[in-house]
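Below is one structure, written out as structure tokens; comments come after it.
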Amino acid sequence: MDHLTALENKSIFIIREAYFRFRNIAMLWSVGKDSTTLLWLVRKAFFGEVPFPIIHIDTTYKFPEMYRFRDEYAKKWGLNLIVGRNEGQVEAGMGPGKGTKLDCCNELKTNALKQIIEKNGFKALLLGIRRDEHGIRAKERVFSPRDENFKWDYENQPAELWDQYKSTAAEDNHFRVHPILHMTELDIWKYMKREKIPLTELYLSKNGKRYRSIGCAPCCSPIESTASNVDEIIAELESTHTSERAGRAQDKEDAYTMQKLRSLGYM
Amino acid sequence: MDLSKKVFVLGIDGAPETLLAEYVEQGVMPNLKNILSGGYDLVQMDASIPDVSSTSWASFMTGVNPGEHGIYGFMELLPNTYRLTFPNYASVKAPALWDIIGGTSGIKASTLADKFKGRVPNNLRSIVINMPETFPAPALNGVLTSGFVCPDLKKGTYPESAYEYLRSINYIMDIEASNASDKPDAFFDEALLALNKRAEAFLHFMDNERWDLFIGVVTETDRLHHFFFDAARDKTHKYHERFVFFYTRMDDIIGRVFERFMASTNGRGLFMTMSDHGFAPIRKEVYLNRLFVEKGLLTLDPAREYFEQIGAGSKAFVMDPGRIYINFEGRYPGGAVSARDRSSVVNEIKSILIDLKDSDGNAVINRVYDGTELYSGDESARSPDLVAVGNDGFDIKGNIKKPQAFGTSHFRGMHTRHDAHCVMPSGTAPLGRLHIENIASIILERFI
Numbered sequence: 000m001d002h003l004t005a006l007e008n009k010s011i012f013i014i015r016e017a018y019f020r021f022r023n024i025a026m027l028w029s030v031g032k033d034s035t036t037l038l039w040l041v042r043k044a045f046f047g048e049v050p051f052p053i054i055h056i057d058t059t060y061k062f063p064e065m066y067r068f069r070d071e072y073a074k075k076w077g078l079n080l081i082v083g084r085n086e087g088q089v090e091a092g093m094g095p096g097k098g099t100k101l102d103c104c105n106e107l108k109t110n111a112l113k114q115i116i117e118k119n120g121f122k123a124l125l126l127g128i129r130r131d132e133h134g135i136r137a138k139e140r141v142f143s144p145r146d147e148n149f150k151w152d153y154e155n156q157p158a159e160l161w162d163q164y165k166s167t168a169a170e171d172n173h174f175r176v177h178p179i180l181h182m183t184e185l186d187i188w189k190y191m192k193r194e195k196i197p198l199t200e201l202y203l204s205k206n207g208k209r210y211r212s213i214g215c216a217p218c219c220s221p222i223e224s225t226a227s228n229v230d231e232i233i234a235e236l237e238s239t240h241t242s243e244r245a246g247r248a249q250d251k252e253d254a255y256t257m258q259k260l261r262s263l264g265y266m
Numbered sequence: 000m001d002l003s004k005k006v007f008v009l010g011i012d013g014a015p016e017t018l019l020a021e022y023v024e025q026g027v028m029p030n031l032k033n034i035l036s037g038g039y040d041l042v043q044m045d046a047s048i049p050d051v052s053s054t055s056w057a058s059f060m061t062g063v064n065p066g067e068h069g070i071y072g073f074m075e076l077l078p079n080t081y082r083l084t085f086p087n088y089a090s091v092k093a094p095a096l097w098d099i100i101g102g103t104s105g106i107k108a109s110t111l112a113d114k115f116k117g118r119v120p121n122n123l124r125s126i127v128i129n130m131p132e133t134f135p136a137p138a139l140n141g142v143l144t145s146g147f148v149c150p151d152l153k154k155g156t157y158p159e160s161a162y163e164y165l166r167s168i169n170y171i172m173d174i175e176a177s178n179a180s181d182k183p184d185a186f187f188d189e190a191l192l193a194l195n196k197r198a199e200a201f202l203h204f205m206d207n208e209r210w211d212l213f214i215g216v217v218t219e220t221d222r223l224h225h226f227f228f229d230a231a232r233d234k235t236h237k238y239h240e241r242f243v244f245f246y247t248r249m250d251d252i253i254g255r256v257f258e259r260f261m262a263s264t265n266g267r268g269l270f271m272t273m274s275d276h277g278f279a280p281i282r283k284e285v286y287l288n289r290l291f292v293e294k295g296l297l298t299l300d301p302a303r304e305y306f307e308q309i310g311a312g313s314k315a316f317v318m319d320p321g322r323i324y325i326n327f328e329g330r331y332p333g334g335a336v337s338a339r340d341r342s343s344v345v346n347e348i349k350s351i352l353i354d355l356k357d358s359d360g361n362a363v364i365n366r367v368y369d370g371t372e373l374y375s376g377d378e379s380a381r382s383p384d385l386v387a388v389g390n391d392g393f394d395i396k397g398n399i400k401k402p403q404a405f406g407t408s409h410f411r412g413m414h415t416r417h418d419a420h421c422v423m424p425s426g427t428a429p430l431g432r433l434h435i436e437n438i439a440s441i442i443l444e445r446f447i
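Written out as structure tokens, the structure is:
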């Protein structure tokens with residue numbers, strides 16, 4: 000069995016396992032390459048029919064290309080799409096220019112998701128995160144419990160040996176399930192190439208720049224790149240040493256700095 | 000090897016000369032007392048203007064004024080906008096001590112570096128622990144781990160082996176200041192723990208690295224002061240004992256590093272402790288932006304955030320701590336003051352501030368400095384136009400959201416400009432009043 004097939008099998012096993020154990024689950028789709036790959040795997044796992052809702056958290060600040068892509072494929076793939084928006088905060092004008100970026104993420108992403116989970120009583124969510132994305136994610140489990148405040152207690156997690164996943168938790172908890180945790184950025188691109196998975200054009204070079212990681216438009220910066228198709232992206236990644244989320248790092252640092260300064264009475 | 004050419008500086012963020020003198024007198028700090036009776040002086044020192052840590056530490060590490068090093072505060076506006084940005088080490092335009100003696104100045108130049116050019120070696124090693132305003136860590140000849148604000152220990156530490164070590168001891172970059180009001184005990188616990196980690200790191204690098212200059216900084220004192228400075232002298236305060244205990248631990252650390260340093264240099268090295276500013280209890284916080292609104296100098300659009308609220312036609316605004324910027328045409332998108340009107344606007348602001356009294360009739364502002372008198376150098380064009388320094392007890396703030404010009408909060412201590420301290424061998428201080436920019440020269444003289 001080749002490498003990509005082995006990765007695919009593992010992911011499909013996890014997806015089916017999660018559905019079997021929890022039944023009332025949903026998947027988070029950011030419309031980025033990772034969660035679109037995950038969605039592809041979910042479709043494969045259930046032979047084209049996705050048996051649970053797909054959630055898109057809409058901060059209202061996504062790129063227009065992302066909204067177009069979402070609507071096109073939600074229709075094409077017959078998805079039960081739930082669009083989650085923290086309406087109260089959107090109306091109040093929350094945005095990256097108001098409050099800190101941390102506040103903005105908190106309200107428009109985290110709290111929007113909390114509202115959906117509460118409303119639908121989901122027991123587990125499938126997420127397309129990968130271990131190589133960020134240092135902290137290396138500590139993630141495939142089945143990762145969260146408490147009612149979404150808190151992830153990474154110092155107290157079940158061991159996951161020989162694909163034995165723990166799926167019972169305290170009453171108020173829900174699980175995050177990470178079927179592509181074991182894939183790397185490069186694996187994703189190679190798999191997308193093999194499967195011809197559609198992607199938004201934001202990832203492809205235009206005027207010498209492309210996005211390596213996408214989210215909300217005001218908080219993403221493109222990287223210098225001439226890679227205008229998947230093959231060129233793979234070639235580029237095989238020779239790069241900068242991290243995938245470099246375009247997002249500055250914002251995180253600024254958000255941290257702002258929180259620190261505020262706690263000491265500045266700002 | 001000449002053992003006298005070794006320098007150890009212990010930075011104690013925000014430790015006031017007056018408080019240290021009292022604690023020495025009262026027996027809270029027996030080790031410091033010992034040091035002082037053995038040929039060292041506790042000297043009161045002036046901090047930078049503004050007396051904020053980022054500016055003052057930059058003045059310490061470069062030995063030049065903000066007009067040369069370019070750091071005027073923890074935040075700035077991006078050129079031609081009202082959008083916030085946070086200066087970091089990349090914004091420090093003058094070479095630091097470790098650059099001057101380590102041969103890593105690169106294209107950076109300063110009056111201090113010129114003065115010592117060719118007179119000090121350029122191959123000396125520095126260890127710099129928890130130095131504010133040094134993120135991301137530069138590749139220096141030695142070891143550096145950044146202090147406040149350091150959002151990422153790995154990026155804030157050079158070289159990577161030092162990062163691995165710090166991680167292995169569960170080093171604490173910065174304590175959670177937001178605990179101070181609702182979980183004060185946890186706050187004190189963490190402050191002590193962080194202090195112990197700093198000390199552990201100091202001793203580790205002292206023993207395991209080769210070095211000529213060592214700068215170790217403790218920032219927990221500043222955090223404690225911000226929230227509990229009222230406990231420093233008030234024996235009936237609920238947290239007085241914990242506050243004093245923290246200083247006892249601080250004193251242990253002073254004693255330990257002093258002893259170890261002196262043992263390793265046969266008593267000939269140069270040892271100093273110093274702070275970047277002093278502290279005083281807060282009576283009132285003073286929100287100058289609100290005052291400017293009341294006086295018709297500033298209009299704000301509450302639908303926007305931070306300084307983007309500044310409305311067209313505004314004449315001036317204030318950023319922390321007392322940096323006053325005139326809303327000049329051409330400098331800001333909504334600029335409304337032409338260059339030839341500078342002096343009339345300056346006079347208007349000065350007269351408002353000099354007359355400012357609190358509800359009990361106390362004068363709020365000690366002095367309003369003109370940026371053109373304070374700063375000189377390539378970076379002085381970006382300087383604040385005026386800097387207001389408050390009298391002790393009146394904490395000048397740049398907060399733009401407050402509904403009144405005066406207020407109180409959970410903060411109990413404010414920075415002061417005049418009460419920083421330096422402990423140095425008797426006879427080392429230059430004549431006249433000591434200023435934080437003088438220390439770098441004193442250190443460099445040692446390496447000649």
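These protein sequence lines map, in sequence, to chains A and B.
At position 232 of the first sequence (counting the first as 1) the number is 231 in numbering that gives the first Met the number 0, and the numbers step up by one without a gap.
At position 336 of the second sequence (counting the first as 1) the number is 335 in numbering that gives the first Met the number 0, and the numbers step up by one without a gap.
We put the beta carbon where it would ideally sit given N, CA and C, even for glycine.
Determine, using beta carbons only, whether residue i comes closer than 9 Å to chain A.
i: B/K396; result: yes
i: B/M74; result: yes
i: B/T133; result: no
i: B/H276; result: no
i: B/S408; result: yes
i: B/D391; result: no
i: B/F85; result: yes
i: B/R124; result: no
i: B/E493; result: With chain B represented from 0 up to 447, any question about residue 493 of chain B goes unanswered, as that position is not in the structure.
i: B/R222; result: yes
i: B/E219; result: no
i: B/E284; result: yes
Alpha carbons only, please: which of the options is nearest the one belonging to residue i?
i: A/R76; options: A/W39, A/Y60, A/K192, A/Q114; result: Position check: residue 76 of chain A holds Trp in this sequence, whereas Arg was assumed. Taking only the C-alpha atoms, the option nearest A/W76 is A/W39.
i: B/F242; options: B/A14, B/S3, B/L2; result: B/A14
i: B/G370; options: B/A380, B/V363, B/D319; result: B/A380
i: B/T272; options: B/I435, B/R341, B/Y88; result: B/I435
i: A/I14; options: A/P50, A/L3, A/T59; result: A/P50
i: A/R129; options: A/K195, A/N119, A/L6; result: A/L6
i: B/D181; options: B/I106, B/Y162, B/F226, B/M172; result: B/F226
i: B/D211; options: B/L385, B/F316, B/S263, B/I48; result: B/S263
i: A/E90; options: A/C103, A/Y210, A/L80; result: A/C103
i: B/E258; options: B/F327, B/I309, B/N30, B/R416; result: B/N30
Please compile the residues from chain A whose C-beta is within a distance smaller than 8 Å of the C-beta of residue i.
i: B/S382; result: What B/S382 touches in chain A: nothing, since even the nearest Cβ is about 19 Å away.
i: B/V148; result: Y255, T256, K259, L260
i: B/H414; result: Result: empty, since nearest Cβ-Cβ is about 10 Å, beyond 8 Å.
i: B/H472; result: Nothing about residue 472 of chain B can be read from this structure; chain B reaches only from 0 to 447.
By the criterion of Cβ-Cβ separation under 9 Å, what are the contact partners of residue i in chain B?
i: A/T239; result: By Cβ distance, chain B contributes nothing, its closest Cβ being about 18 Å from A/T239, past 9 Å.
i: A/G92; result: A302
For the alpha helix (DSSP H) holding residue i, just list the boundary residues, first then last.
i: B/P183; result: 183-207
i: B/Q454; result: Since the displayed chain B opens at 0 and closes at 447, residue 454 of chain B lies outside it and no answer follows.
i: B/T61; result: 52-61
i: B/F244; result: 239-263
i: A/R140; result: Careful: A/R140 lies outside any alpha helix (DSSP H) and carries neither H nor E.
In chain B, which residues lie with their C-beta within 7 Å of the C-beta of residue i?
i: A/S262; result: A176, S177
i: A/K97; result: E304
Does the CB of residue i have a neighbour CB from chain B at under 9 Å?
i: A/Y60; result: no
i: A/K150; result: no
The ligand COA and residue i: does the residue's C-beta get closer than 8 Å to at least one heavy atom of that ligand?
i: B/P158; result: Ligands in the displayed structure: none, and consequently the ligand COA is not present.
Using a cut-off of 9 Å between C-beta atoms, extract the partners of residue i located in chain A.
i: B/D151; result: A248, K251, E252, Y255
i: B/D319; result: L260, G264, Y265, M266
i: B/D173; result: K259
What are the boundary residues of the beta strand (DSSP E) that includes residue i?
i: B/K396; result: 393-396
i: B/M413; result: 412-415
i: B/K283; result: 283-286
Which chain B residues sit within Cβ distance under 8 Å of residue i?
i: A/K138; result: Those within 8 Å of A/K138 in chain B number zero; the least Cβ separation is about 14 Å.
Touch check for the region 214-221 of chain A and the region 229-238 of chain A: three-plus C-beta pairs under 8 Å? no
Counting Cβ pairs, one atom from each stretch, are 3 or more of them under 8 Å apart for the region 98-115 of chain B and the region 181-194 of chain B? no
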